[in-house]
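Heads up, the sequence shown is in my numbering, so the first residue is 2 and it goes up one at a time.
All residues carry an ideal CB built from backbone N, CA and C; glycine is no exception.
Structure, as C-alpha cells:
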Amino acid sequence: MRPIPPFTDPFLFIMDEIKNTTEVEVNNVQPTEAEATVCNEAMPAEAKQNEKAEPTTKAEVIEALKDIVYNGGDVERATLEHLKMLYYRIHNAEVVAARDKFVGDGGNAEDFIPAPDADEENFKAQLALIREMRSKAAEELEKEKQDNLQRKLEIIDRIKELAATAEEADKGFEEVKKLQAEWKEIKTVPAERATELWKNYQLYTEQFYDQLHLNHEMRAYDFKKNLEIKTHLCEAAEKLAEVEDVISAFHQLQKLHQEFREAGPVAKELRDEIWKRFKDASTVINKRHQDHFEGLKAREEENLQKKTALCEKVEQLQLDDLKTYAQWDEMSKQIIELQAEWKTIGFTPRKVNNEIFDRFRAACDRFFQAKTAYFKANREKLSANLAAKNALIEKAEALKDSTDWGATTNKFVELQKEWKTIGPVAHKISDTIWKRFNDACNYFFDKKNEANKGQRKEEEANLELKKAVIAEIEKLAAEPGDNLLQSIRELQAKWNEIGHVPFSKKEKMYRRYRELCDKVYDTLHATAGKRRMDNFKRNVAEKGGNELTRERNRLQNVLDAKKQDIQNYETNLTFFRSSSKKGNSIVADIEKKIERLKDDLKEITEKLKTVNEQIKAEIGRAHV
C-alpha cells in the first residue's frame, strides 16, 4: 500500500476528485496528449542494450544470467536470446582457436576432437531457472490482474449503488472515500479491460458527486490540499534535473507522473498553471534522457571507426616477411594485443556490429592459418631438435650420479647452455622432455647441496630475522597506531625481502605470520566499517518523508537478499562437506563468504535501526 504523503492529514483526506455539476468541472485523471507524450517516452531497445558492456567471455555471460536470476528473472526474451547467441559464438570461437593450436602444434585437423564444454551445464541451468521464474511470474501477474479486475468491478458496482440517490450519496460519502483509496491501491488489470473500467469508474464517481451537497468550504479545502500535493510533485520533478544518473532520473520521473495523475483536482483557474510547471520540469528530464542516448549513438559511430582501424591493421600485415619462429611469435603477440584492444572498445551500431566482427575475425584467421602452414613446413626441423635434446638428456642422466662436484657442475652448465641453443620441439612433448632433462640436473644439484651444508647457517639466520618481524607485527596488533596500514605494509615488505628458512619450520612461521596480518587487517576493516556507519547516520539525518520510507524499503530488500544468500550457501555446504578432499577448499571458501554475509547483515540491521529511529522522530515532530 502506497503511504499517504507526509503533508496530507489522513482525517481530512477528502477524495481524489471532487466534482459539482454547478461549480466544478469533471477532472479527467487520464493525461492529455501532451502529458502522455511526456509520460510514455520509452527507452530505445538498442539503447538499453548499451547501458552495460556486453559480455566477452562465457564466464561473463553466465554471470549476466546469474544477475538476472538474482533480480528475480525480470528480463525480456530478446535479452535471453542475445545472451544465448553470445555464449555459443564465444564457445565456437574457442573451438576454432583450439583446433588452430592443435594443428599448429603438429596435429592433423581431422584428428581434432573438441574438449567438453565445462561451462555449458551451468549455462543451461541458469537459462532453465530464468525461464521457470519468468513463467511463474507471468502466471502470478495474470492471476493478480484477474483479482484486481474483480475488485475494481465490485468497487464500481458499490459506487453505482451509492450514486442512485442524493440521500444514499450523503450517507455513503465516507465509504466512497475509502473505495477511492482502495481503487488507487489496486494496480494492474487486463489491458483489454482497463479503458472500460476507468470510464465506468469515472462515470459513476461523477454521478455520485453530482448527488452530493458539499459546501463550498470543503471543496476549497480539498482543492488546496490537492494543490499542495501537486506542488510538491513539481518540486520533486524539478530537483531531478540535478541527478547525475540520467536513466535513474527518467525512471523516477515516471513514478512522479503516476502520482500526479492519481492526485485529485485543483481549482479550475490553477489547473493549466500547475500542469505547465510539472510538464516543463518533465521536459528538462526527457531532453537529458534523449541527449544521453544520442551521445551513445555518437560513441557507437566512434567505436566503429576504431574497430575499422584495427581491421585495417591486421589486413595490412605482410606475412611473406615472416621467416623465423621468433618473427611469427612476435607477430602473434601483436595480433593478440589487437584482439585485446578490440575487447576494450564498446558497441558499434547494431546493424553493422556482426559485420565488423566477422571482418576482424577473418583477418585474424588469415594470419593464424598462415602460421599453421609455416609450422607444418618445419616439422623436420622440430624432429632434428628433438633428437638433439634427447642426446643432451642421455648425457645428463649419465652424469647425475657423479660426485666430482666441480667438474660435473661445469659439464651440467654447458649442457644447459647447449639446451638453450637448440630450437623448439613439438608442443605436445615439450614439457615431457624438459622435465626429464630438468630432473637429471636437479638430481645432481640436490646431491651437491646435500653435501654442502653451509647454506643451513644462512637459513637459520633468516629464521631469526623473520621471528623479529613477527614480534613487531604482534606489537602492532596489540597496540594499533594512527599509521596502521603503512606500518603493516612496511613489515610485510621486510618479510618478503628475507630469504629461505629451514623447511621444517617454514609452514609454522608462515601460519603465525598470516594470522597476525589477518588480525591487523580485521582491525582496519572494523575502523572502516565505523566510518561508513557514521557517514550513513549523517546522511539519514538530512532526509525526510518519502525518502526515509524508500531508504527503509531498500535496506529491507538488501537484508532479505543477504539472508537468502546465506541460506543458499549453508545448503551447499552439506553437499561439499560430504564430497572428496578436493571439496575442502570449496567448503572453506563458502564458509568465508557466509561470515562476510553475516557481517553485512549486522551493518544493514544497524542502518535499518537508524532509519526507523529517524522516521519515529519525524512522526513525533509532526504531531507536536
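Note that the C-beta distance between VAL190 and LYS144 is not below 8 Å. The distance from the Cβ of CYS312 to that of ILE346 is about 12 Å, inconsistent with a contact at the 8 Å cut-off. Rounded to the nearest whole angstrom, the CA to CA distance from ALA472 to VAL521 is 13 Å. Relative to TRP435, the option among ASP405, GLU461, LYS468, ASN386 whose CA is nearest is ASN386. With the rule of 3 Cβ pairs closer than 8 Å, the region 170-187 counts as touching the region 151-158. The region 455-470 makes no contact with the region 410-422, as fewer than three CB pairs between them are under 8 Å. Look at the beta carbons and you see the region 221-230 touching the region 262-273: at least three pairs across the two are nearer than 8 Å. From the listed residues ARG194, MET534, GLY621, LYS390, the smallest Cα separation to LYS610 is found for MET534. Per DSSP, the unbroken alpha helix (DSSP H) holding HIS83 starts and ends at 78-105. Taking the C-beta atoms as reference points, LYS85 is found nearer than 8 Å to LEU128. Counting the other CB atoms within 10 Å of its CB gives PHE576 a total below 16, which places it among the exposed residues. Pairing ILE275 with ALA79, the inter-Cα distance amounts to about 40 Å.
Counting only residues of its own chain and dropping the five nearest sequence neighbours on each side, LYS231 has a CB closer than 6 Å to the CB of ALA264, ILE275. Taken atom to atom, the span from the alpha-carbon of LEU323 to that of LYS495 is near 47 Å. Note on geometry: alpha-carbon atoms of ILE605 and LEU556 lie some 7 Å from one another.
Judged by DSSP in its simplified three-state form, SER403 adopts coil rather than helix or strand.
Under the three-state reduction of DSSP, LEU598 is assigned to helix.
Leaving aside the five residues that flank VAL247 on each side, the residues in its chain whose CB is nearer than 7 Å to its CB run, in chain order, ARG289, HIS290, HIS293. Remark: C-beta atoms of VAL541 and GLN615 approach each other more closely than 8 Å. Apart from the 5 residues on each side of it in sequence, GLU301 sits with its Cβ closer than 6 Å to the Cβ of PHE348, THR349, PRO350 in its chain, given in chain order. Rounded to whole angstroms, the separation of the alpha carbons of GLU381 and LYS396 is 23 Å. Scanning the region 110-198 from its first residue to its last, the whole alpha helix (DSSP H) runs of 4-plus residues come out as 121-163, 167-172, 174-186. Here HIS252 is exposed: its Cβ has fewer than 16 other Cβ atoms, across all protein chains shown, within 10 Å. For ILE63 against ASN123, the beta-carbon gap comes to about 6 Å, under 8 Å, which counts as contact.
Here LYS137 is exposed, its C-beta having fewer than 16 other C-beta atoms within 10 Å. Cβ-Cβ separation between GLU316 and ALA364: approximately 5 Å, consistent with a contact (criterion under 8 Å). With contacts defined by Cβ atoms closer than 8 Å, VAL96 and THR373 do not form a contacting pair. Beyond the five residues adjoining it in sequence on each side, TYR202 comes within less than 8 Å, by CB distance, of LYS153, ILE156, ILE157, ILE160, TRP184 in the same chain, given in chain order. Looking at the backbone, the Cα of PHE369 and that of GLU331 are separated by about 13 Å. Selection LEU464, SER488, GLU236, LEU297 evaluated against HIS258 yields GLU236 as nearest (Cα-Cα). For GLY424, the three-state secondary structure derived from DSSP is coil. Less than 8 Å separates the beta-carbon of ASN613 from that of ARG553.
CA-CA distance, PRO115 to SER283, rounds to 56 Å.
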